[in-house]
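Numbering (our numbering), first residue to last: 84 to 255.
For each residue, glycine too, the CB sits at the ideal point set by N, CA and C.
Everything numeric in this text was worked out from a predicted model, so none of it was measured.
Report on one structure; see the data block that follows.
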Amino acid sequence: AVILNFPYEVKFSNVVLGFTSPDGVTLTIERNDIAVNVDQYGASILKLLSGGENLRIQLTLMQFDIDLFKVAVPWGEVYRNGTNERITLGRIPGRDSADYAKELLLHRTTDAASNKARDIKFYKAIVQEVGEITMNSSNAFGLPVTFIALIDTAKQDGASLGEIGTTAATTQ
Numbered sequence: 084a085v086i087l088n089f090p091y092e093v094k095f096s097n098v099v100l101g102f103t104s105p106d107g108v109t110l111t112i113e114r115n116d117i118a119v120n121v122d123q124y125g126a127s128i129l130k131l132l133s134g135g136e137n138l139r140i141q142l143t144l145m146q147f148d149i150d151l152f153k154v155a156v157p158w159g160e161v162y163r164n165g166t167n168e169r170i171t172l173g174r175i176p177g178r179d180s181a182d183y184a185k186e187l188l189l190h191r192t193t194d195a196a197s198n199k200a201r202d203i204k205f206y207k208a209i210v211q212e213v214g215e216i217t218m219n220s221s222n223a224f225g226l227p228v229t230f231i232a233l234i235d236t237a238k239q240d241g242a243s244l245g246e247i248g249t250t251a252a253t254t255q
């Protein structure tokens with residue numbers, strides 16, 4: 084895991100969700116390799132086959148409203164009547180979370196808008212987990228969420244989950 088100790092602006096499907104806590108974000112890149120042993124009785128590894136990778140980013144959003152919470156719980160329904168609002172919780176098992184996948188973009192707040200060198204992008208992201216929601220007596224709020232990347236089958240091999248940096252870098 085890589086801990087990036089900077090606050091980030093968070094966009095999900097080009098909608099600004101707000102900013103992360105000053106503690107930054109934790110980016111995890113996990114490889115899943117499958118060992119092929121010499122034979123059925125041997126312990127020596129002959130080769131490793133790729134079982135894919137998983138990208139995960141943990142962050143705490145520092146703002147709260149029902150529409151922001153709907154990103155964390157996309158299957159919930161929002162109801163409004165004047166200044167009254169609520170969101171329903173609980174989904175039926177078996178629903179495909181990929182139906183809610185959208186582009187996730189994080190941009191360091193200390194960088195100019197045109198400086199994309201440290202941007203983190205997941206092509207298709209979903210919220211995998213919502214942590215404990217905290218609100219203290221001074222109304223400081225924290226919504227911890229974990230986004231995971233799903234494979235974007237429209238992208239090429241080696242670039243199907245996301246990217247870090249600017250798209251202006253085009254040569255190897």
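Under the criterion of beta carbons closer than 8 Å, T249 and P90 do not qualify as touching, at roughly 20 Å. Rounded to the nearest angstrom, the Cβ distance from I170 to F152 is 6 Å, consistent with a contact under 8 Å. Annotation for V108: the continuous beta strand (DSSP E) segment containing it runs 108-120.
A check of alpha carbon separations from E92 across G165, M218, L142 identifies L142 as the nearest. Counting C-beta pairs closer than 8 Å gives fewer than three between the region 233-244 and the region 211-219, which falls short of the contact rule. In this structure, the alpha-carbon of P105 lies about 16 Å from that of R201. Here DSSP, grouped into helix, strand and coil, assigns L172 to coil. For K199, there is no enclosing alpha helix (DSSP H), as DSSP marks it with neither H nor E.
DSSP places V154 inside the alpha helix (DSSP H), whose first and last residues are 149-155. Secondary-structure assignment with DSSP links E136 through a beta bridge to R114.
If you draw a 10 Å sphere on the C-beta of L188, you find 16 or more other C-beta atoms in it, and that means buried.
Remark: three or more beta-carbon pairs, one from each stretch, lie closer than 8 Å, so the region 105-115 and the region 129-140 are flagged as touching. For Y183, the three-state secondary structure derived from DSSP is helix.
In summary, A208 is buried, with 16 or more beta-carbon neighbours lying within 10 Å of its beta-carbon over all protein chains present. Here the alpha carbon of E246 sits roughly 23 Å from the alpha carbon of L132. Beyond the five residues adjoining it in sequence on each side, V161 comes within less than 6 Å, by CB distance, of I149, K153, I170 in the same chain, given in chain order.
A184 is classed as buried because its beta carbon has at least 16 other beta carbons within 10 Å across all chains shown.
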